[in-house]
Amino acid sequence: VKRVLASAPAKIILFGEHSVVYGKPAIAAAIDLRTYVRAEFNDTGAIKIEAHDIRTPGLIVSFTEDSIYFESDYGKAAEVLGYVRQAIELVKEEADVNGKGITVSITSQIPVGAGLGSSAAVAVATIGAVSRLLGLELSNEEVGKLGHRVELLVQGASSGIDPTVSAIGGFIHYQKGEFEHLPFMELPIVVGYTGSSGSTKELVAMVRRNYEEMPEIFEPILNSMGRLVEKAREVITSDLDRDLKFQTLGKLMNINHGLLDAIGVSTKKLSELVYAARTAGALGSKITGAGGGGCMYALAPGKQSEVATAIAIAGGTPMITKISREGLRIE
Ligand code: MEV
Numbered sequence: 003v004k005r006v007l008a009s010a011p012a013k014i015i016l017f018g019e020h021s022v023v024y025g026k027p028a029i030a031a032a033i034d035l036r037t038y039v040r041a042e043f044n045d046t047g048a049i050k051i052e053a054h055d056i057r058t059p060g061l062i063v064s065f066t067e068d069s070i071y072f073e074s075d076y077g078k079a080a081e082v083l084g085y086v087r088q089a090i091e092l093v094k095e096e097a098d099v100n101g102k103g104i105t106v107s108i109t110s111q112i113p114v115g116a117g118l119g120s121s122a123a124v125a126v127a128t129i130g131a132v133s134r135l136l137g138l139e140l141s142n143e144e145v146g147k148l149g150h151r152v153e154l155l156v157q158g159a160s161s162g163i164d165p166t167v168s169a170i171g172g173f174i175h176y177q178k179g180e181f182e183h184l185p186f187m188e189l190p191i192v193v194g195y196t197g198s199s200g201s202t203k204e205l206v207a208m209v210r211r212n213y214e215e216m217p218e219i220f221e222p223i224l225n226s227m228g229r230l231v232e233k234a235r236e237v238i239t240s241d242l243d244r245d246l247k248f249q250t251l252g253k254l255m256n257i258n259h260g261l262l263d264a265i266g267v268s269t270k271k272l273s274e275l276v277y278a279a280r281t282a283g284a285l286g287s288k289i290t291g292a293g294g295g296g297c298m299y300a301l302a303p304g305k306q307s308e309v310a311t312a313i314a315i316a317g318g319t320p321m322i323t324k325i326s327r328e329g330l331r332i333e
């Protein structure tokens, strides 16, 4: 093969972000925003990375690895390159490149730093495209595991939930590297983007510092997060009717948000969007992902457009998304 195009989805964490880093369970789903990566051989022997239309707060940018150093404005988007480079390096360890160069071009619909797993999706799509180009037949699960290694190398700490859900798709329960598909259910959700971005690496490190300073305070909070995830799993897999399921899930979302606020990862803007959504009729709303900016989501059966409007009036960018059954895909 001379050229491979692969794509991988964004994700939302429905319950259990941060506590999942401490070995507690979490529930996540792939959503229908995707990152596309094209990999092809070049004659220079070098690795070349091009990014097109990368969305960062207030900016849509395109760049190459050579130009990035001159354009400080590109800010957050440049972080993408770290994941891509590391992903290519890991795949190269597994295959023989025969001195050939590889050019990787990225296009993405996923805002960077929004807590929607843009880094995991770019790592997964890159591993998918480059491994196929080099003739490796990796399963999506194996690609997810390599994606977790990329995150550990670039970020220092990671639970692996983002690359796992991006690689395998659907709706999953995840704990310590093990995942289980939950029965697929359409969730009437609205995602609200604050327009600013948080650094997952810094937020995870901040929680760790506070945990170490006051373990007796943090441990019960993280345990409660873990328990509410198990409760959510019970509700999702039960035979209760849809409306009852949504009502209980909404309550659990609100509790999870309060606990995330307690460990310090909310912001004024996130809380404003969370409360605006509830006032507009959402059954529950919470941060999704690492926090510190980024996104929240609301569960709003029959009220999606009202909630989207309320999020927009509160200064956020609403996105009505669907769960994507598909993870990594070779196009
Ligand atoms: C980020 O999407 C989720 C965190 O729990 C980090 C991780 O699980 O690696 C904050």
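For the sequence shown, the UniProt record's numbering assigns the number 3 to the initial residue and increments by one for each residue that follows. Just so you know, even glycine gets a beta-carbon here, dropped at the ideal spot from N, CA and C. The structure presented is a predicted model; accordingly, all values stated were derived computationally and were not measured.
Does the ligand MEV have a heavy atom nearer than 7 Å to the CB of residue i?
i           : result
residue 161 : yes
residue 2   : With the chain running from 3 to 333 in the structure shown, residue 2 is simply not present.
residue 329 : no
residue 15  : yes
residue 319 : no
residue 291 : yes
residue 259 : no
residue 179 : no
residue 204 : no
residue 164 : yes
residue 117 : yes
residue 81  : no
residue 22  : yes
residue 19  : yes
Output yes or no for whether 8 Å exceeds the beta carbon distance between residue i and residue j.
i           : j           : result
residue 183 : residue 174 : yes
residue 132 : residue 149 : no
residue 104 : residue 49  : yes
residue 117 : residue 296 : yes
residue 326 : residue 45  : no
residue 197 : residue 311 : no
residue 224 : residue 267 : no
residue 279 : residue 300 : yes
residue 171 : residue 186 : no
residue 123 : residue 202 : no
residue 106 : residue 41  : yes
residue 176 : residue 22  : yes
residue 254 : residue 233 : yes
residue 10  : residue 333 : no
residue 313 : residue 275 : yes
residue 199 : residue 114 : yes
Going by the DSSP bridge assignment, what does residue i pair with across the sheet?
i           : result
residue 39  : 8 and 108
residue 298 : 194 and 289
residue 103 : 44
residue 176 : 28 and 181
residue 188 : Answer is none; residue 188 lacks a bridge partner.
residue 17  : 29
residue 49  : 104
residue 238 : DSSP output for residue 238 lists no bridge partner at all.
residue 250 : According to DSSP, which records beta bridges pairwise, residue 250 is partnered with nothing at all.
residue 332 : 8
residue 2   : Outside the displayed span of the chain (3 to 333) sits residue 2, for which this structure offers no information.
Would a check of beta-carbon distances place residue i closer than 8 Å to chain C?
i           : result
residue 251 : The structure shown contains no chain C; it holds only a single protein chain.
Quick check: is any heavy atom of the ligand GTP less than 7 Å from the C-beta of residue i?
i           : result
residue 157 : As for the ligand GTP, it is missing from this structure, which binds only the ligand MEV.
Is it the case that the stretch 163 to 174 contacts the stretch 241 to 250, given that we only count it when at least three CB pairs across the two stretches are under 8 Å?
Short answer: they don't touch.
Count Cβ pairs between the stretch 21 to 34 and the stretch 219 to 232 that sit closer than 8 Å; are there 3 or more?
By the Cβ rule, the stretch 21 to 34 counts as touching the stretch 219 to 232, because three or more pairs are nearer than 8 Å.
Given 8 Å, three or more beta-carbon pairs between the stretch 153 to 162 and the stretch 275 to 289
With the rule of 3 Cβ pairs closer than 8 Å, the stretch 153 to 162 does not count as touching the stretch 275 to 289.
At 3 residues or longer, and completely inside the stretch 299 to 330: list those beta strand (DSSP E) runs for me, N to C.
Listed in chain order, they are 319 to 321.
Count Cβ pairs between the stretch 79 to 98 and the stretch 137 to 155 that sit closer than 8 Å; are there 3 or more?
Two segments are said to touch when three or more pairs of C-beta atoms, one from each, lie closer than 8 Å; by this definition the stretch 79 to 98 touches the stretch 137 to 155.
Which runs of the alpha helix (DSSP H) spanning at least 4 residues fall entirely within the UniProt domain "GHMP kinase N-terminal" (85 to 172), listed in chain order?
The qualifying runs are 120 to 135, 142 to 157 and 163 to 170.
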